[in-house]
Amino acid sequence: MIEITAKLIRDQSAVFLCGEVVECLITFTNPTLPEHRISQSNCDILENLAWATVQIHCYCNSTIQERGGPSAPVDAPSSIVKNVSGSTSLDASNQLKGEVLKSTEPKILFCDLRLSPGEMRQFMFRETLSVNTPPTYRGVMVKYYYKITVATQRVGSTVQALHIPIRVLPLPPVNCSDEAVTLNDESNEDLAPNNPFLEKKKAPSKIEYALHYLQNITARRRPNFYLISN
């Protein structure tokens with residue numbers, strides 16, 4: 041039996057902004073067999089997986105789809121591995137509740153992986169979230185949620201899928217006047233004589249602008265000052 045574990049490189053939280061890069065470390069491990077179960081045949085010792093893919097799915101769940109009957113909770117634990125019946129293809133719509141609104145291109149991790157007892161293989165998954173995708177939203181009528189899907193299959197067995205939940209936040213709106221000011225500043229710098237000892241100013245990225253915007257709206261409105269004397 042091969043164990044599959046997935047860990048996000050960002051240890052603080054599983055929250056990402058639209059347009060940000062998601063990094064996940066996926067580990068396939070064949071645990072060591074007990075001494076009384078060790079076999080002399082190599083066929084019994086080696087564990088084989090036919091293929092494995094990773095991609096990000098955006099699910100949309102509405103109350104209209106729930107009228108057919110009772111439903112299970114939307115968020116499933118990431119440690120639960122679900123069986124996907126059918127052929128060798130991965131049908132994301134049958135895994136979790138809701139309709140797949142958007143998904144990234146599947147990335148193939150390997151084909152025909154063989155691991156001996158105690159052996160481990162690690163793979164790094166990197167994917168950029170689209171800017172046009174809807175953010176995570178948990179409303180009364182509509183819910184949007186994201187899952188990193190790690191799918192694998194043995195020869196002659198059903199597809200197994202591991203889901204890692206992430207939260208996606210939207211980018212704040214950019215003020216057009218601020219963009220005009222930055223463009224004017226850049227044009228003035230281009231007209232000025234070049235100085236090799238001065239560093240060129242780089243325009244902030246959308247991620248930096250979003251983080252700065254969040255810091256401004258979450259900062260303390262009324263700073264307190266204290267006078268400490270003897």
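Residue numbers (the numbering used here): 41 to 270. By construction, the Cβ of each residue, glycine as well, lies at the ideal position given by its N, Cα and C atoms. Model, not experiment: these values are computed from the prediction.
Cβ shell of residue 177 (< 7 Å), same chain only, five flanking positions each side left out: 183 and 184
Inter-stretch contact at 8 Å, needing at least 3 Cβ pairs: the segment 51-66 / the segment 153-169: yes
Sequence-distant residues of the same chain with beta carbon closer than 6 Å to residue 96, five excluded per side: 144, 167 and 188
Closer than 8 Å to chain B by CB, residue 169: Chain labels in this structure do not include chain B; a single protein chain is all it has.
Residue 255 - containing alpha helix (DSSP H), residue span: 246-258
Same chain only: Cβ atoms within 6 Å of residue 146, ignoring 5 sequence neighbours per side: 93 and 95
Beta carbon of residue 67 nearer than 8 Å to that of residue 200: no
Whole-angstrom distance between residue 65 and residue 119, CA atom to CA atom: In this prediction, residue 119 scores a pLDDT of 42, lower than 50, which makes its location untrustworthy; no coordinate-derived value is stated.
Burial state of residue 186 (16 or more Cβ within 10 Å): buried
Check whether residue 101 and residue 137 have beta carbons under 8 Å apart: yes
Pairwise C-alpha distance: residue 247 and residue 110: Confidence at residue 110 is low in this model, with a pLDDT of 46, below 50, so the placement of that residue should be treated as unreliable; the coordinate-derived value is given next. Approximately 40 Å, taken between the alpha carbons.
From 193, 268, 210 and 236, residue whose alpha carbon lies closest to that of residue 254: 210
Cβ distance (whole Å) where residue 158 is taken to contact residue 70 below 8 Å: 7 Å
Pairwise C-alpha distance: residue 56 and residue 170: 11 Å
For residue 121, the three-state DSSP class (helix, strand or coil): In this predicted model, residue 121 has a pLDDT of only 49, less than 50, meaning its place in the structure is not dependable; the value taken from the coordinates is given anyway. Reduced to three states, the DSSP call for residue 121 is strand.
Per-residue DSSP class, three states only, for residue 44: strand
Residue interval of the beta strand (DSSP E) (run including residue 157): Residue 157 -> no beta strand (DSSP E), and no H or E assigned at all.
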